[in-house]
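Numbers 41 to 439, taken from UniProt numbering, label the letters of the sequence shown in order. For reference, the structure is listed below as structure tokens.
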Amino acid sequence: RFADVAQAPPDPILGVSEAFRASTNPNKLNLGVGAYRDEDLKPVVLNVVKKAEGNIFSRNENKEYLSIEGLEGFRRATVDLLLGQGHPAIQEGRVAAIQSLSGTGSLRVGAAFIARFLKGATVYISNPTWGNHRNIFGDEGVEWKHYRYFDAATVGLDFKGLTEDLTAAPPGSVVLLHGCAHNPTGVDPTPEQWAAIADLCKERNLLPFFDVAYQGFATGDLDKDAFAPRLFVERGLEILVSQSYSKNLGLYGERVGALVMVVQDKESATRCLSQLKRLARALYSNPPTHGAKIAAEVVNNKELFDEWKVEMRGMAGRIERVRGELQAALEAKCPQKDWSFITRQIGMFSFTGLSPAQVDNMTNKHAVYMTRDGRISLAGLNSAKVEYLADAIVDSVRN
Ligand code: PLP
Ligand code: TYF
Numbered sequence: 041r042f043a044d045v046a047q048a049p050p051d052p053i054l055g056v057s058e059a060f061r062a063s064t065n066p067n068k069l070n071l072g073v074g075a076y077r078d079e080d081l082k083p084v085v086l087n088v089v090k091k092a093e094g095n096i097f098s099r100n101e102n103k104e105y106l107s108i109e110g111l112e113g114f115r116r117a118t119v120d121l122l123l124g125q126g127h128p129a130i131q132e133g134r135v136a137a138i139q140s141l142s143g144t145g146s147l148r149v150g151a152a153f154i155a156r157f158l159k160g161a162t163v164y165i166s167n168p169t170w171g172n173h174r175n176i177f178g179d180e181g182v183e184w185k186h187y188r189y190f191d192a193a194t195v196g197l198d199f200k201g202l203t204e205d206l207t208a209a210p211p212g213s214v215v216l217l218h219g220c221a222h223n224p225t226g227v228d229p230t231p232e233q234w235a236a237i238a239d240l241c242k243e244r245n246l247l248p249f250f251d252v253a254y255q256g257f258a259t260g261d262l263d264k265d266a267f268a269p270r271l272f273v274e275r276g277l278e279i280l281v282s283q284s285y286s287k288n289l290g291l292y293g294e295r296v297g298a299l300v301m302v303v304q305d306k307e308s309a310t311r312c313l314s315q316l317k318r319l320a321r322a323l324y325s326n327p328p329t330h331g332a333k334i335a336a337e338v339v340n341n342k343e344l345f346d347e348w349k350v351e352m353r354g355m356a357g358r359i360e361r362v363r364g365e366l367q368a369a370l371e372a373k374c375p376q377k378d379w380s381f382i383t384r385q386i387g388m389f390s391f392t393g394l395s396p397a398q399v400d401n402m403t404n405k406h407a408v409y410m411t412r413d414g415r416i417s418l419a420g421l422n423s424a425k426v427e428y429l430a431d432a433i434v435d436s437v438r439n
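Structure, rendered in structure tokens:
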């Protein structure tokens with residue numbers, strides 16, 4: 041019965057971590073997965089998370105099911121974090137938010153909503169994008185197409201290509217946009233370009249679906265990093281948003297996130313939430329409690345919230361520092377090439393432009409583990425390893 045089941049390919053990102061673990065090379069370096077590491081390259085549990093957990097444990101709460109839409113305090117907190125406390129859309133009651141299984145699960149609920157209520161709509165995803173986007177929409181039977189995004193020649197945004205592709209998209213299509221710190225390129229639209237994209241969505245009747253997985257990691261400031269979705273709402277657009285606390289609160293394994301819909305009026309919000317609950321019920325019934333309590337505790341407690349902002353800036357700052365160091369090391373070792381893209385790119389990643397063959401050289405010869413699209417996670421780099429990495433890159437580009 042099961043003998044004919046074919047082997048599934050490994051995840052192109054998480055598979056890198058498996059290969060890294062299997063390597064016995066003492067110099068091995070894991071720049072594959074986008075997960076924050078400290079200067080000793082160890083995973084981090086934020087101080088505010090430990091404090092929040094202390095508060096939660098001291099209240100000796102039960103482990104009852106949450107309601108399908110999730111923890112009330114978390115739902116409020118996550119919308120506040122996205123739109124800013126007291127935002128008119130919140131006061132008008134036209135925001136529907138369902139706690140879901142981190143960014144991935146929230147995207148999947150969004151995909152299920154699209155499949156059921158926007159039948160036939162195509163989702164436009166950037167080329168390139170986070171690999172799982174294709175699976176998430178594809179597995180829900182939602183058709184997806186690429187829009188142009190990255191221009192290898194300028195190592196920047198192909199704004200002309202993006203505009204052309206979205207202009208050609210049929211009205212009613214969905215456009216998946218990375219809220220900030222685009223994965224994998226580290227290239228975001230400028231504020232003016234965001235405004236133009238918003239106008240285009242409005243003119244062409246496209247539905248923006250923001251994937252917000254790195255709020256805090258673009259500028260180190262949670263509010264500034266919510267610029268794009270807030271701008272779209274300000275311009276009168278209805279939006280879908282998936283939010284993840286994996287990176288900014290370091291809650292990876294707790295699976296904390298939400299799907300948020302900002303719609304035109306309160307009645308629509310009520311009905312949309314009822315349908316999101318209907319979808320979630322069949323997918324996983326109700327979301328996990330612990331991580332949501334942590335996020336709610338941090339965002340809703342002024343003291344912890346302020347401390348989180350400091351820790352957030354610390355993480356973003358460490359990544360920015362190693363970016364600068366890597367660029368300087370490459371400029372010293374290989375001055376004939378322009379390496380300025382490394383500090384122009386933002387967020388956790390650098391899109392190096394290394395070809396698959398060069399990536400193989402990085403991994404096979406130097407034990408630098410990274411994805412085959414040439415992306416490196418700077419969250420997995422420290423000062424001590426900068427020289428080693430720069431030597432490996434220079435050796436690989438010369439090959
Ligand atoms: N979207 C993007 C762009 C990501 O990089 C990630 C990975 O963190 C996710 C969504 C979802 O991650 P998670 O399911 O851990 O929130
Ligand atoms: O792009 C990354 O590295 C992160 C982590 O299936 C991740 O988004 C990677 C793959 C995956 C889930 C999370």
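Positions of the beta carbon are idealized from the N, C-alpha and C atoms, including for glycine. The structure displayed is predicted, hence computed values, not measured ones.
DSSP-derived helix/strand/coil call for residue i
{"i": "Ala75", "result": "coil"}
{"i": "Met355", "result": "helix"}
{"i": "Val362", "result": "helix"}
{"i": "Ile53", "result": "coil"}
{"i": "Ala137", "result": "strand"}
{"i": "Gln283", "result": "strand"}
{"i": "Gly260", "result": "coil"}
{"i": "Asn404", "result": "helix"}
{"i": "Tyr105", "result": "coil"}
{"i": "Ala192", "result": "coil"}
{"i": "Trp234", "result": "helix"}
{"i": "Pro83", "result": "strand"}
{"i": "Val434", "result": "helix"}
{"i": "residue 444", "result": "Since the displayed the chain opens at 41 and closes at 439, residue 444 lies outside it and no answer follows."}
{"i": "Ser308", "result": "helix"}
{"i": "Gly181", "result": "coil"}
{"i": "Tyr324", "result": "coil"}
{"i": "Asp251", "result": "strand"}
{"i": "Leu246", "result": "coil"}
{"i": "Gly226", "result": "coil"}
{"i": "Leu147", "result": "helix"}
{"i": "Val296", "result": "strand"}
{"i": "Asn67", "result": "coil"}
Span separating the alpha-carbon of residue i from that of residue j
{"i": "Ala235", "j": "Gly276", "result": "12 Å"}
{"i": "Gln139", "j": "Ala372", "result": "48 Å"}
{"i": "Gly256", "j": "Ala432", "result": "30 Å"}
{"i": "residue 440", "j": "Asn65", "result": "Since the first and last residues shown for the chain are 41 and 439, residue 440 lies out of range."}
{"i": "Gln131", "j": "Ser436", "result": "55 Å"}
{"i": "Gly126", "j": "Asp78", "result": "35 Å"}
{"i": "Arg318", "j": "Leu141", "result": "15 Å"}
{"i": "Phe345", "j": "Ala336", "result": "10 Å"}
{"i": "Ala48", "j": "Phe177", "result": "18 Å"}
{"i": "Lys90", "j": "Leu280", "result": "31 Å"}
{"i": "Ala129", "j": "Ala238", "result": "17 Å"}
{"i": "residue 496", "j": "Tyr189", "result": "This structure does not reach residue 496, given that the chain is present from 41 up to 439, and the question cannot be answered."}
{"i": "Ala92", "j": "Lys342", "result": "12 Å"}
{"i": "Pro231", "j": "Ala209", "result": "22 Å"}
{"i": "Asn100", "j": "Asn340", "result": "19 Å"}
{"i": "Ile334", "j": "Glu307", "result": "31 Å"}
{"i": "Asn401", "j": "Arg438", "result": "11 Å"}
Pair within 7 Å by beta-carbon distance, residue i and residue j
{"i": "Val302", "j": "Val135", "result": "yes"}
{"i": "Ile71", "j": "Ser417", "result": "For clarity, residue 71 is Leu in the given sequence; the question names Ile instead. Yes, they are a contact pair."}
{"i": "Lys82", "j": "Ala407", "result": "no"}
{"i": "Glu347", "j": "Val88", "result": "yes"}
{"i": "Gln304", "j": "Glu274", "result": "no"}
{"i": "Pro52", "j": "Thr411", "result": "yes"}
{"i": "Gly331", "j": "Val296", "result": "yes"}
Beta-carbon separation (whole angstroms), residue i vs residue j, contact threshold 8 Å
{"i": "Asp261", "j": "Leu147", "result": "Actually they are not in contact, since the Cβ atoms of Asp261 and Leu147 sit about 24 Å apart, beyond 8 Å."}
{"i": "Ala298", "j": "Gln283", "result": "5 Å"}
{"i": "Val434", "j": "Val362", "result": "Wrong, their Cβ atoms sit about 17 Å apart, outside the cutoff."}
{"i": "Tyr76", "j": "Lys287", "result": "7 Å"}
{"i": "residue 440", "j": "Gly124", "result": "Here the chain comprises residues numbered 41 to 439, so residue 440 is not present and cannot be evaluated."}
{"i": "Gly226", "j": "Gly387", "result": "5 Å"}
{"i": "Phe249", "j": "Val214", "result": "5 Å"}
{"i": "Ile359", "j": "Ala424", "result": "Between Ala424 and Ile359 the Cβ distance is about 15 Å, and since that is not below 8 Å, they are no contact."}
{"i": "Asp228", "j": "Ala266", "result": "The pair is not a contact, with the Cβ atoms about 13 Å apart (cut-off 8 Å)."}
Three or more C-beta pairs below 8 Å linking the stretch 314–329 and the stretch 146–165: Note that the stretch 314–329 touches the stretch 146–165; at least 3 beta-carbon pairs, one per stretch, sit closer than 8 Å.
Contact between the stretch 205–224 and the stretch 161–175 (3+ Cβ pairs under 8 Å): With a cut-off of 8 Å, the stretch 161–175 and the stretch 205–224 count as touching, because enough Cβ pairs lie within range.
Stretch-stretch touch, CB-based, cutoff 8 Å, three pairs: the stretch 361–370 with the stretch 191–203: Too few Cβ pairs lie closer than 8 Å, so no.
Touching by the beta-carbon criterion (3+ pairs, under 8 Å), the stretch 382–399 and the stretch 109–118: As far as the Cβ criterion goes, the stretch 382–399 does not touch the stretch 109–118, which means the pair count is below three.
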